[in-house]
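Heads up, the thing below is written out as structure tokens.
There are 2 protein chains.
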Amino acid sequence: MTEVRTRAIPEATVARLAVYLRVLTGLAEAGRGSVSSGELASAAGVNPAGLRKDLSYLGPCGVRGVGYAVPALRERLARALGVEQARSCVLVGMGNLGSALAGYAGFGTRGFTFVGLLDADPARVGDVVGGTAVRPVEDLEEVVAAHGVTIAVVTTPATVAQSVCDRLVAAGVRSIVNFAPVALAVPAGVDVRQVDLSVELQVLAFLDQQKGVDVVPHRMSEQVALP
Amino acid sequence: MTEVRTRAIPEATVARLAVYLRVLTGLAEAGRGSVSSGELASAAGVNPAGLRKDLSYLGPCGVRGVGYAVPALRERLARALGVEQARSCVLVGMGNLGSALAGYAGFGTRGFTFVGLLDADPARVGDVVGGTAVRPVEDLEEVVAAHGVTIAVVTTPATVAQSVCDRLVAAGVRSIVNFAPVALAVPAGVDVRQVDLSVELQVLAFLDQQKGVDVVPHRMSEQVALP
DNA sequence: TAATGTGAAAGTGTTCACAGCA
DNA sequence: TGCTGTGAACACTTTCACATTA
Chain A
1 MTEVRTRAIP EATVARLAVY LRVLTGLAEA GRGSVSSGEL ASAAGVNPAG LRKDLSYLGP
61 CGVRGVGYAV PALRERLARA LGVEQARSCV LVGMGNLGSA LAGYAGFGTR GFTFVGLLDA
121 DPARVGDVVG GTAVRPVEDL EEVVAAHGVT IAVVTTPATV AQSVCDRLVA AGVRSIVNFA
181 PVALAVPAGV DVRQVDLSVE LQVLAFLDQQ KGVDVVPHRM SEQVALP
Chain B
1 MTEVRTRAIP EATVARLAVY LRVLTGLAEA GRGSVSSGEL ASAAGVNPAG LRKDLSYLGP
61 CGVRGVGYAV PALRERLARA LGVEQARSCV LVGMGNLGSA LAGYAGFGTR GFTFVGLLDA
121 DPARVGDVVG GTAVRPVEDL EEVVAAHGVT IAVVTTPATV AQSVCDRLVA AGVRSIVNFA
181 PVALAVPAGV DVRQVDLSVE LQVLAFLDQQ KGVDVVPHRM SEQVALP
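If you're matching them up, the sequences are chains A and B in order. One point on numbering: in the UniProt record's numbering, the residue at position 28 of the first sequence is 28, and numbering is uninterrupted. One point on numbering: in the UniProt record's numbering, the residue at position 200 of the second sequence is 200, and numbering is uninterrupted.
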């Protein structure tokens with residue numbers, strides 16, 4: 001009845017709301033009762049006006065002239081992002097990256113539960129990561145069906161990512177985060193978010209190399225590296 | 001003299017150029033001599049027209065009516081991205097995520113060399129990852145200075161990320177990729193790219209939950225999971 | 001003729017400035 | 001008075017359609 005019609009939140013905003021939620025959780029644990037958009041924006045690494053616009057998609061959240069009530073805003077964001085309901089996920093590929101993700105405690109407090117950690121390597125099967133035992137990748141379909149999983153994380157080598165993806169989709173998964181450096185082909189109705197860690201470094205390097213060429217030749221305070 | 005004035009390549013384009021370069025390397029190794037924008041775009045997971053526009057920032061690269069010569073285009077992209085010159089990087093925080101990045105062989109072929117892998121945990125010091133031995137974090141300043149490092153990757157716990165960042169900047173680093181879930185404060189002239197793995201999952205989950213609410217109620221072909 | 005290269009249009013996201021309200 | 005909420009301007013990206021050329 002008091003259900004607010006949260007209309008069409010832009011994807012870029014959703015990503016930032018997740019960051020605000022994390023910052024607010026930290027503030028709440030520190031006992032803070034309220035924050036201004038300026039302080040919250042600074043802690044989240046964004047522009048204050050942009051933050052206020054982001055929050056405005058949820059309707060009025062704050063008190064003019066004062067700021068935002070930390071616990072109330074936190075709950076509002078949690079609800080908007082759907083953190084309240086537990087989500088069952090599977091993760092395929094328990095190498096270093098998969099282990100890092102599975103072991104990240106932050107997921108548990110945000111509604112995510114890894115009900116299946118899968119790997120093709122028998123040597124890794126049975127390892128316990130973040131409280132869950134690694135199972136053979138053969139169990140994929142069984143785990144997905146048993147828990148009604150709709151979200152999967154792929155951290156396998158690139159060579160097998162597509163076949164793993166096909167099996168996930170066939171089993172009923174509709175949303176996939178892919179860390180393998182290949183573009184996954186999926187049928188309509190299935191979402192893939194591609195995350196490419198090496199591209200981040202490459203973009204940074206590009207911007208870095210441009211620094212000297214940009215404006216004035218270069219500053220004296222910067223030492224030249226090569227002999 | 002034949003230096004082409006590559007003017008103002010958008011950041012979004014730079015990120016995709018890195019992906020194209022990876023795909024082209026695969027095609028070159030498979031012995032392919034040429035590709036069309038359609039095939040390249042499909043392998044990279046983008047729109048063909050967008051790919052052509054991306055490449056157009058480097059000037060004409062292809063042959064009308066035919067396509068692109070794989071080796072020539074590959075070299076062109078490599079030069080534009082600055083892959084040719086070797087870049088010295090340091091990585092701080094050799095947990096699972098740091099180990100995953102340090103062990104990724106793809107960096108070596110793209111001009112990146114990790115000249116320093118640093119960790120605060122004495123138990124990890126001395127481990128060899130990707131051919132490089134882990135050193136104590138106390139050596140940070142020494143490594144940065146010795147190799148003229150300007151690029152760093154931070155994969156430490158969130159609690160120490162800012163202090164590590166401060167030390168990196170003081171030592172001369174100008175570009176940082178930060179995987180710790182905190183916004184880093186840096187002086188002007190220093191670039192930070194924030195990568196937040198948990199946010200990716202959160203955005204995906206948000207879109208996933210919206211699927212049922214979107215357009216028509218839902219399709220018959222999709223099974224409902226919960227009992 | 002079959003593909004590239006590219007203006008122009010549409011869409012999306014960000015920033016600004018200020019009205020509105022405790 | 002101070003900070004939120006937001007329309008309007010701006011900047012950036014993507015998409016489309018088609019002229020262009022080997």
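Don't be surprised by glycine CBs; every beta carbon is placed ideally from N, CA and C.
Shown here, A/V186 sits in coil according to DSSP, grouped into three states, outside any helix or strand.
By DSSP's assignment, A/A49 forms no beta bridge with any residue. Around A/P187, no beta-carbon contact reaches into chain B at under 9 Å, the shortest distance being about 10 Å.
In the displayed model, A/Q162 falls within a helix according to three-state DSSP. DSSP places A/Q209 inside the alpha helix (DSSP H), whose first and last residues are L197 to K211. DSSP lists B/V92 and B/R135 as the bridge partner or partners of B/L118.
With fewer than 16 other CB atoms across the displayed protein chains lying within 10 angstroms of its CB, B/G126 is exposed. In the same chain as B/L118, and ignoring 5 residues on each side of it, the C-beta atoms closer than 8 Å to its own belong to V90, L91, V92, G93, M94, V134, R135, P136, V137, D139, L140 and V143, in chain order. With a threshold of 16 other beta carbon atoms within 10 Å, A/S163 falls short and is exposed. Rounded to the nearest angstrom, the gap between the Cα atoms of B/V129 and B/A102 is 6 Å. B/V182 is positioned such that its CB atom lies closer than 7 Å to that of B/A158. Under DSSP, the beta-bridge partners assigned to B/V153 are B/L91 and B/V177. Within the stretch 191 to 203 of chain A, contact with chain B at the beta-carbon level (separation under 9 Å) is assigned to D191, V192, R193, Q194, V195, D196, L197, S198, V199, E200, L201, Q202 and V203. Under the 7 Å criterion on CB atoms, A/L97 is classed as interfacial with respect to chain B. Identification of chain B residues near A/A120 by a Cβ-Cβ cut-off of 7 Å yields none; the smallest Cβ-Cβ distance measures about 17 Å. The DSSP-derived three-state label of A/R124 is coil. For B/A15, at least one C-beta of chain A is nearer than 7 Å to its own C-beta. Note on geometry: alpha-carbon atoms of A/A100 and B/R174 lie some 27 Å from one another. About 13 Å separates the beta carbon of B/A171 from that of B/V154, a gap too long to meet the 8 Å contact definition.
Residue state for B/Y68 is assigned as strand, using DSSP reduced to three classes.
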